[in-house]
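Notes follow the structure.
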Amino acid sequence: MPETSTAFSWEVPADHPAFAGHFPDKPILPGVVLLDRALLLAEAAFPDKTIRQIGNAKFLSPVAPGEHLRFSFRAGVRGSIAFEIDCAGRVVASGSLIPAS
Numbered sequence: 010m011p012e013t014s015t016a017f018s019w020e021v022p023a024d025h026p027a028f029a030g031h032f033p034d035k036p037i038l039p040g041v042v043l044l045d046r047a048l049l050l051a052e053a054a055f056p057d058k059t060i061r062q063i064g065n066a067k068f069l070s071p072v073a074p075g076e077h078l079r080f081s082f083r084a085g086v087r088g089s090i091a092f093e094i095d096c097a098g099r100v101v102a103s104g105s106l107i108p109a110s
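Numbering (the working numbering), first residue to last: 10 to 110.
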């Protein structure tokens with residue numbers, strides 16, 4: 010089976026409710042919001058797969074309100090889906106998702 014890949018863009022809304030209280034003087038997007046968006050986009054990219062679990066996730070750089078993110082997904086021969094989230098060339102998160110068998 011050949012490897013496939015796809016990508017999506019998302020501008021983080023400056024008024025996203027997750028910024029409330031996280032943190033008042035320097036808001037950053039919680040990692041759980043990045044994972045939630047990655048899961049939704051992965052299932053859109055690979056509609057024949059249902060994500061069962063997060064294999065791993067690394068958060069490498071904070072995301073601020075209004076930033077433009079690019080979510081890239083790559084599926085390999087073993088069925089897992091690798092993802093990477095970047096902002097203007099800066100990788101902010103990466104990991105893998107495991108679909109149901």
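Even glycine gets a Cβ: it sits at the ideal position worked out from N, Cα and C.
Predicted model only: the values in this text are computed from it and were never measured.
Identified DSSP bridge partners for residue i
i, result
"Phe17", "Phe80"
Alpha carbon of residue i to alpha carbon of residue j, nearest angstrom
i, j, result
"Pro36", "Phe28", "6 Å"
"Leu44", "Asp34", "24 Å"
"Glu76", "Ser18", "10 Å"
"Gly88", "Leu106", "9 Å"
"Ser14", "Asp95", "15 Å"
Whole-angstrom C-beta distance between residue j and residue i, which should lie under 8 Å
i, j, result
"Phe68", "Ser81", "Incorrect: roughly 16 Å between the Cβ atoms, too far for contact."
"Gln61", "Ala109", "Per the sequence presented here, residue 61 reads as Arg, with Gln not at that position. With a Cβ gap of about 4 Å, Arg61 and Ala109 count as contacting."
Element boundaries [beta strand (DSSP E), containing residue i]
i, result
"Ala91", "Ile90 to Cys96"
"Val72", "No beta strand (DSSP E) contains Val72, which DSSP labels as neither H nor E."
Span of the alpha helix (DSSP H) around residue i
i, result
"Gly40", "Gly40 to Ala54"
Burial state of residue i (16 or more Cβ within 10 Å)
i, result
"Val41", "exposed"
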